[in-house]
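According to the numbering used here, the residues represented by the sequence shown are 2 to 181, in order.
Even glycine gets a Cβ: it sits at the ideal position worked out from N, Cα and C.
Just so we're clear, the structure is a prediction, and the values are computed from it rather than from any experiment.
So the structure is just underneath, and the comments pick up after that.
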Amino acid sequence: MTCVGESMEKKQYAALALGEILLRLSTPNNERIVRGDTFQKCAGGAELNVVSGISALGLRTGIMSKVPQNDLGVFVRNHIRFCGVSDDYLLYDQARDSRLGIYYYENGAYPRKTSVVYDRGHSTITTLTVKEIPEEVYSKEKEFHRSGKTRALSSQRRETDEEVIKKLKEKGTMKAFEVN
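In structure tokens form, the structure reads like this:
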């Protein structure tokens, strides 16, 4: 019989997430999107937020995603590393038309609620195939995290997600799914 601590020692990551990393453009100081002239940039996304939080607790985490091989991809990679998350499984799309999904964030100021506008259509993550994912990934993590939003981006993403889950099930990996 193996206790939890022993099984964790055999895994490289406490958690590994598969999902879209987005460029977050935020208005400053509760400014409205419709009125403001400037945005502050940051990298974000549900899956990255989860593994960043787990990393902040002192556990080793990683993110698996696909980003354009351009300056925005470098910005994302640097942000991931800054958060203490491994970028070992970050894939770079060399296609000329590859793009990073974007979301525009407007902080709420009572009584106005926070507002988000997404521009994710045809982003690079939608082309990720199971063949691009190294076979070693399926046995490296204790917990695997993904979300419904990323899965819903394209039929290719759904197919990839289903194949990844089958392979993780064979390895007995714990799976987490955010239904957001």
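Judged by DSSP secondary structure, HIS80 falls within the alpha helix (DSSP H) whose first and last residues are 72-83.
Look at VAL86 here: in three-state DSSP terms it is strand. Ranking ARG158, ARG152 and TYR111 by CA distance to the CA of GLU32 puts TYR111 first.
In this structure LEU49 is in contact with ILE22, their Cβ atoms being roughly 5 Å apart against a cut-off of 8 Å. Residue state for GLN157 is assigned as helix, using DSSP reduced to three classes. Distance check between THR115 and each of GLY20, LYS11, ASN30 and LYS141 places ASN30 closest, using alpha-carbon atoms only. Here SER99 carries a coil assignment [DSSP, helix/strand/coil].
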